[in-house]
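Inspection log for the structure reproduced underneath, given as structure tokens.
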Amino acid sequence: MEFDFAEEQPKFLMLMYGLIAFVAVVGGLLLLLDVVPAWFTRRREARLVAASVSGAPLPRRRKQREGAVALFFLLPALLLLTIGLVIPAIRTTLLSFMDSGSTHWVGLRNYGWMFSENSIVRVLINSLIWVLLVPLVATAFGLIYAVLVDKARFEAVAKSLIFLPMAISFVGASIIWKFVYAYRGDDQEQIGLLNQIVVSLGGEPKQWLLESPLNTLLLIVIMIWIQAGFAMVVLSAAIKAIPADIVEAARLDGVSPWQMFWRITMPSIRPALIVVVVTLSIATLKVFDIVRTATNGNYDTSVIANEMYNQAFRYGENGQGSALAVFLFVLVIPIVIYQIRNLRQQREG
């Protein structure tokens, strides 16, 4: 196949225009952030020098001017948030009240469909199972591992092993675990680790990802395998931050390891536990890659994010896909509000 530059020239021009626009916007922002503060600094210094020479009182900063300067520096971030988050959120909300072609208003019909269609109810139940299991189980594994390897001889190596899955993308991890769950016929040699173990114990191989609800639980295992390392790192840091005098005092009082864990460690790391559970809950609500890669949402394994994609981009149902997106956004909001309030209480405390 020969490459015709003349035919591809419009694409190259679009790419060039995009690069120029990117350089112009980013370069302009960097220039403003460098030039404007220096200009204000020089102006301030000139006023101070003039006041010291003339013996006049030193000029005071006006709060209104400081507010204007702060607003100037926040403006790029506010602009990007408005373009990338606020406007799409408003547009998606409006689309959720329209039909599939986004031409006519249908009111709450898309939301009624979401709770009346059996397949979508199954999706919501799957998402609930994910949110209930992944944060709790991943946090539990991370906490147990952090306590067990704390101050052990090969602590760094042990932590590296459990944290290693965090360096793998969700897609890569899903492909790895698809090989673990791989199935071949009874008369063939099994290449899947799980089926090979079953066969070696005298059982028969199964198509693990086709059996519901077991397949959903097996996909949840992938998420837990990835996120347990995150929980372990955060909780391990919290454990090491416990004051040594408290630990020594507890040991002098003769507390057992079990009592040490429940009466000293757990109350001390409670803020870190809340952060881990909240973070994993939000990440689990938005899970998409694992389901998409492992089963494509088939065999009753779909979740909200995957079904949102299917409805909007595969089936052309913009209204229904937008309704699922808005519902997902609404589910995340209470968790975020709780985390903000919790952090505010910690500061005040």
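Under UniProt numbering, the first residue of the sequence shown carries the number 1, and numbering increases by one thereafter. Virtual Cβ for every residue (Gly too), placed ideally from N, Cα, C.
task: Please name the residue in 327, 298, 339, 201 whose C-alpha comes closest to that of residue 114.
output: 327
query: For residue 342, which residues from the same chain have a beta carbon less than 7 Å from its beta carbon, with the 5 sequence-adjacent residues on both sides left out?
result: 274
- request: Mind the definition here: the region 315-323 touches the region 104-120 only if three or more C-beta pairs lie below 8 Å; say whether that holds.
  value: yes
query: Who are the Cβ neighbours of residue 234 in its own chain at under 8 Å, not counting the five residues just before and after it?
result: 142, 272, 275, 276
query: Roughly how many angstroms separate the alpha carbons of residue 124 and residue 218, rounded to a whole number?
result: 18 Å
Proximity below 8 Å, CB of residue 192 to CB of residue 182: yes
message: residue 176 and residue 229 - do their beta-carbons sit closer together than 8 Å?
response: no
message: Quick check on residue 97: buried or exposed, where buried means 16 or more other Cβ atoms within 10 Å of its Cβ?
response: buried
- prompt: For the putative contact between residue 92 and residue 325, defined by C-beta atoms under 8 Å, what is the C-beta separation to the nearest angstrom?
  reply: 5 Å
task: State whether the region 289-301 contacts the region 235-246, with contact taken as three or more CB pairs (one from each stretch) at a distance under 8 Å.
output: no
- request: May I ask which residues mark the beginning and end of the alpha helix (DSSP H) holding residue 112?
  value: 109-116
message: Which same chain residues end up closer than 7 Å to residue 194 when comparing Cβ atoms and leaving out the 5 residues on each side of it in sequence?
response: 180, 181, 208
Outcome for residue 265 when other beta-carbon atoms lying within 10 angstroms are tallied against a minimum of 16: buried
query: Are at least three pairs of beta-carbons, each pair with one atom in the region 329-345 and one in the region 99-110, less than 8 Å apart?
result: no
message: Checking the sheet assignment: what are the DSSP bridge partners for residue 105?
response: 98
query: So the alpha helix (DSSP H) residue 322 belongs to, where does it begin and stop?
result: 318-348
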